[in-house]
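Everything on this sheet refers to the single structure shown next.
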Amino acid sequence: MTSSFHPTRWTLVLRARGEGDEAKAALSDLCEAYYAPVVGFLKREGRSEDAARELAHGFFESVLSGGLGAPEPGRGRFRSYLLGALKHFRSKHRAAALAGKRGGAVEHVEWDLANDAGTADDALGFDREWALALIGRALVALEAEEKPERFRVLKPWLNGDADVSQAEAARELGMSGTAVKVAIHRLRVRFRELIRAEVAATVGDPAEVADELRHLIAVVGSG
């Protein structure tokens, strides 16, 4: 890790292996940020919204208490860690349910964060919702930085959904056409910066940021 790379929430967790108040707070923040992909993963298995949320609550309790193993340096990205932990938690939950039906003890399940059983569709759906959650966080951060009216008018240009011309936007905002064009460019640049910052907060090494970005762009594009 380069000396110029400032610690992120995930690197703080990895360095402390989940121990210590700072690492636990960082892990809690990350779990809260990516709650939706976990619920979505559990819903795709046929659970109701309420059942998925209840199980997700139990999952995050296990993660935060260390019941699913401490994060380790070398494990890489928080997305991979959380998906591996979720698959393991699902396996334990199924084993417990099966044991309850049989009246027997729960069988111990060994696991590996990167290779727990699951389908490619499991990972693709999770990663797509992860990417959308990450983009949503960046969008919220961008909105907080901008003037409300300007953001409302210019936001559609972030993803190409604008149904009015830049000239109309300029009239609505009382700006020149050139000023609106510049404002849209700056908004897009800042949005990309914020997305990159969100990605950086979930990887263990700055060298992984570009690859993680490419992966998330690809899974969103495949939807």
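In terms of the working numbering, the sequence shown has -11 at position 8, counting the first letter as 1, and numbering is strictly consecutive.
Virtual Cβ for every residue (Gly too), placed ideally from N, Cα, C.
Which word fits residue i, buried or exposed, when buried means at least 16 other C-beta atoms lie within 10 angstroms of its C-beta?
i, result
"Glu110", "buried"
"Trp138", "buried"
"Ala14", "buried"
"Val145", "exposed"
"Glu126", "exposed"
"Ser6", "Before going on, a small fix: residue 6 reads as Ala here, not Ser. Result: exposed."
"Val121", "exposed"
"Val(-6)", "buried"
"His89", "With a pLDDT of 44 at His89, under the threshold of 50, the modelled position of this residue cannot be trusted, and the question is left open."
"Gly202", "exposed"
Find out if the Cβ-Cβ distance for the pair residue i, residue j is shorter than 8 angstroms.
i, j, result
"Leu8", "Leu115", "no"
"Val134", "Leu154", "yes"
"Val20", "Ala33", "yes"
"Leu123", "Phe172", "yes"
"Phe70", "Phe40", "yes"
"Asp102", "Phe22", "no"
Report, in whole angstroms, the separation of the C-beta atoms of residue i and residue j, which I expect to be a contact under 8 angstroms.
i, j, result
"Val200", "Arg58", "13 angstroms between Cβ atoms; not a contact."
"Gly158", "Ala151", "5 angstroms"
"Glu189", "Ala119", "Incorrect: roughly 18 angstroms between the Cβ atoms, too far for contact."
"Trp(-9)", "Ala160", "Rounded, the Cβ-Cβ distance is 39 angstroms, inconsistent with contact."
"Leu164", "Arg131", "As written in the sequence, residue 164 is Ala, which differs from the Leu given in the question. Right, the Cβ-Cβ distance comes to about 7 angstroms (below 8 angstroms), so this counts as a contact."
For residue i, which of the options has the nearest alpha-carbon?
i, options, result
"Leu105", "Ala148, Gly141, Leu64, Gly158", "Leu64"
"Gln147", "Leu23, Asn140, Val121, Lys162", "Lys162"
"Lys24", "Leu67, Tyr62, Gly48", "Leu67"
"Pro18", "Leu36, Gly1, Asp2", "Leu36"
"His38", "Cys12, Glu26, Gly27, Ser61", "Cys12"
"Leu168", "Ala191, Glu149, Lys128, Ser203", "Lys128"
"Asp192", "Val(-6), Arg60, Asp31, Gly47", "Arg60"
"Glu42", "Gly117, Glu26, Asp10", "Asp10"
"Ser72", "Glu26, Glu3, Val(-6), Arg177", "Glu26"
"Ser46", "Met156, Ala4, Pro187", "Ala4"
"Gly117", "Ser203, Leu175, Ser29", "Leu175"
Quick check: is the beta carbon of residue i nearer than 8 angstroms to any beta carbon in chain B?
i, result
"Asp103", "Looking at the structure shown, chain B is missing, and only one protein chain is on hand."
I'd like the ranges of any alpha helix (DSSP H) spanning at least 4 consecutive residues and lying wholly in the stretch 103 to 142.
You should have 129 to 135.
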